[in-house]
Amino acid sequence: MTWEPIRQGHFEFRTPNFNVRPISPINPFPKEEQQPEVLRVIEWDHMNLKLFYPMALTSTWTVRTLLYPLAVLRARLQLQKQTSVYRNTWHAFTSIAKYEGIRGLYKGFWVTFPQIGTSFIYATVYEKLRAYMLNDLGYDSVSAISSIAGGAASFCSQVIFVPTDVVVQHMMIYNYADKFVGGSDKRIMEYLRAGKGSGFLGLRTVKAVYHYDGFKGFYRGFWASSFVYAPSCFVFWPVYYKVQELLKKLHNDKGFLLLDQAVAATIGGAASTIATNPMEVLRIRLQVHRSSYKETFERLIRNEGWTIFTKGLPPRLISNSIYSCVVMVGYEVVKRFCVLPEYKEAIVW
């Protein structure tokens with residue numbers, strides 16, 4: 043007698059296959075030794091949310107803090123015209139580290155603190171929508187459900203993401219503004235350089251943006267930002283689950299699930315980054331150069347050509363791949379620690 047895996051929803055258990063003649067008339071696998079049900083995908087209703095939220099937010103924010111310097115590199119490389127300031131990613135890193143120190147690599151970091159709220163919004167929308175589509179609508183494709191839920195969650199999180207990004211990106215280039223913006227694009231920088239307003243650079247930048255563009259200035263490039271982060275989910279999640287499926291087949295379901303998820307998240311993060319890089323370049327140019335969609339697009343085609351597909355890609359690729367890997371592993375570990383007692387025996391590591 044052999045045992046074959048059977049799946050029902052997200053649970054997997056084993057049932058006997060009597061096509062093979064048993065070696066003994068007595069069941070060699072007593073009931074108490076049979077493999078228990080397995081919970082491979084932890085859903086919203088499996089978790090203790092009082093533990094989940096603080097642990098998930100702490101995990102995500104720790105990773106964002108460690109990878110923030112790569113965001114500074116990416117912003118400067120994407121804002122420069124061709125290679126007018128930095129030759130490549132390494133040159134950008136060594137130059138900033140040499141002339142601006144650690145403060146240069148973390149320029150504007152504290153202004154991103156409100157983005158911790160996006161983690162709360164994303165996790166809530168993502169998990170609730172997944173649960174609704176799975177339990178109420180009856181969809182059973184995990185990758186499709188995750189793609190739709192992730193896209194919706196990303197769109198909702200832009201409410202906080204975009205205003206902080208607008209402010210932070212101006213701060214990132216403040217020390218060498220003349221090399222990144224020109225003409226009417228640099229009015230905000232001239233306002234800051236003139237010493238108008240008081241307080242920290244972040245607060246002065248907020249005042250400068252409001253002075254020239256009003257409240258809508260904080261949501262400049264909102265749609266471009268949405269078309270970066272929401273579509274990236276439509277690439278990330280299918281790749282994430284497909285890679286896990288391939289790895290599972292490769293090692294005959296005897297592998298380490300968390301390791302499979304780490305590999306899948308890294309590949310998914312890389313794929314989504316490459317797919318959305320042109321829109322990312324458009325987004326940051328819109329928000330800092332303060333030009334229209336049409337004008338920004340025409341400038342990119344005229345000045346950068348095909349390099350829009352690779353401009354600022356290396357630091358973004360490194361950052362997003364590592365971020366996706368560590369955040370997803372952290373997220374999955376947190377979910378395992380937060381499962382309700384009745385599911386403890388069903389989780390897989």
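Note that this note's numbering has the sequence shown beginning at 43, numbered continuously upward.
By construction, the Cβ of each residue, glycine as well, lies at the ideal position given by its N, Cα and C atoms.
Separation of residue j from residue i, as counted between CA atoms
i      : j      : result
Met370 : Gln303 : 7 angstroms
Val376 : Thr131 : 33 angstroms
Ala313 : Gly180 : 29 angstroms
Thr308 : Lys221 : 34 angstroms
Arg325 : Asn294 : 43 angstroms
Pro78  : Ile343 : Caution applies to Pro78, whose pLDDT of 48 falls short of 50 and renders its modelled position unreliable; the value that the coordinates give is listed next. The alpha-carbon atoms of Pro78 and Ile343 are separated by roughly 58 angstroms.
Tyr216 : Arg358 : 21 angstroms
Pro138 : Phe257 : Before going further, note that residue 138 is Ile rather than Pro in the sequence given. Whole-angstrom Cα-Cα distance: 32 angstroms.
Pro64  : Val83  : Reliability fails at Pro64, whose pLDDT of 44 lies under 50, so the model's placement of it is uncertain and the value that follows must be treated cautiously. Those two C-alpha atoms are separated by around 34 angstroms.
Arg378 : Arg116 : 33 angstroms
Phe242 : Leu112 : 23 angstroms
Thr104 : Met231 : 31 angstroms
Ser183 : Tyr282 : 13 angstroms
Residue i versus the options, residue with shortest Cα-Cα distance
i      : options                           : result
Val210 : Ala186, Thr166, Arg229 and Gly150 : Gly150
Ser333 : Ile187, Gly193, Lys228 and Leu382 : Lys228
Ile170 : Met89, Gly143, Ala117 and Ile158  : It should be noted that the sequence gives Lys, not Ile, for residue 170. Nearest of Met89, Gly143, Ala117 and Ile158 to Lys170, Cα basis: Met89.
Ile163 : Gln329, Pro96 and Leu115          : Pro96
Gln157 : Ile202, Val251 and Glu340         : Ile202
Ile144 : Leu288, Val114 and Tyr282         : Val114
Ser199 : Ser363, Ser267, Asp182 and Gly146 : Ser267
Classification of residue i by the beta-carbon crowding that lies within 10 angstroms, buried from 16 upward
i      : result
Asp87  : exposed
Gln286 : buried
Gly311 : buried
Gly244 : buried
Glu374 : buried
Ala306 : buried
For residue j and residue i, believed in contact at Cβ under 8 angstroms, the rounded distance
i      : j      : result
Gly354 : Leu119 : 4 angstroms
Tyr365 : Leu109 : 6 angstroms
Ser185 : Pro273 : 15 angstroms between Cβ atoms; not a contact.
Val153 : Met213 : 7 angstroms
Near the ligand ZN: residue i beta-carbon under 8 angstroms from a heavy atom
i      : result
Ala312 : What this structure holds is no ligand at all, so the ligand ZN is not there to describe.
Which full runs of the alpha helix (DSSP H) of 4+ residues lie inside the region 327 to 368, going along the chain?
As far as the region 327 to 368 is concerned, its whole alpha helix (DSSP H) runs of at least 4 residues are 335 to 345.
Entirely enclosed alpha helix (DSSP H) segments - the region 115 to 194, minimum 4 residues
Listed in chain order, the complete alpha helix (DSSP H) runs (minimum 4 residues) inside the region 115 to 194 are 131 to 141, 143 to 147 and 158 to 173.
Quick check on the DSSP output: what are the complete alpha helix (DSSP H) runs of length 4 or more inside the region 198 to 279, in order along the chain?
Runs of alpha helix (DSSP H) with 4 or more residues, each lying fully within the region 198 to 279, are found at 229 to 235 and 243 to 255, listed in chain order.
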